[in-house]
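Chemist:
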Amino acid sequence: MLDKAKQLYQLQKQAKKIQKELKNTEIEVANSDKTISVVYNGEQKLVDLVIDDSWLSPDKKSELVREILKLASEANSRASALAADEMKGVMKDMGMKIPGF
Numbered sequence: 275m276l277d278k279a280k281q282l283y284q285l286q287k288q289a290k291k292i293q294k295e296l297k298n299t300e301i302e303v304a305n306s307d308k309t310i311s312v313v314y315n316g317e318q319k320l321v322d323l324v325i326d327d328s329w330l331s332p333d334k335k336s337e338l339v340r341e342i343l344k345l346a347s348e349a350n351s352r353a354s355a356l357a358a359d360e361m362k363g364v365m366k367d368m369g370m371k372i373p374g375f
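Just so you know, the sequence shown maps onto residues 275 to 375 in the numbering used here.
1) Does the beta-carbon of L345 have 16 or more other beta-carbons within 10 angstroms, so that it is buried, or is it exposed?
2) Rounded to the nearest angstrom, how far is the Cβ of E300 from that of V313, given a contact under 8 Å?
3) Alpha carbon to alpha carbon, what distance is there between Q293 and K280?
4) Kindly indicate which three-state DSSP category S331 falls into: helix, strand or coil?
5) Quick one: grab the DSSP three-state call for N315.
6) Residues in its own chain within less than 6 Å of D322 by CB, not counting five upstream and five downstream?
7) Closer than 6 Å by C-beta to A353: which residues in its own chain qualify, once you throw out the five before and the five after it? Chain order, please.
8) Would you tell me roughly how many angstroms separate the C-alpha atoms of I342 and L356, rounded to the nearest one?
9) Between which two residues does the alpha helix (DSSP H) carrying D277 extend?
See below:
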């Protein structure tokens, strides 16, 4: 029983460390001509959005919105995959088998 508690404590400690690392990890995704980019952190939070002035006209609004949504979705997916991979490593190191990890 004590062994399980110790293992759980270590898992909790590693998870907190990974959360801190993920918060400081940035994933940037840009469109093909690098005029729009979004940056997410490993916690899947949007931390920056850069838009070139060439996009800032009323006639480009709908295209701009589509580009931002596409890039944000890609960056969020990458951040999610990164977080899952990090946690999968912790679970494996601890010898735990949890469905979905």
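Every residue, glycine too, gets a C-beta built ideally from N, C-alpha and C.
Modeler: If we stick to the structure as given:
1) buried
2) Indeed, because the Cβ distance is near 5 Å, the residues count as touching under 8 Å.
3) 20 Å
4) In the displayed model, S331 falls within coil according to three-state DSSP, outside both helix and strand.
5) strand
6) V313
7) I301, Y314, G316, Q318
8) 21 Å
9) 276–297
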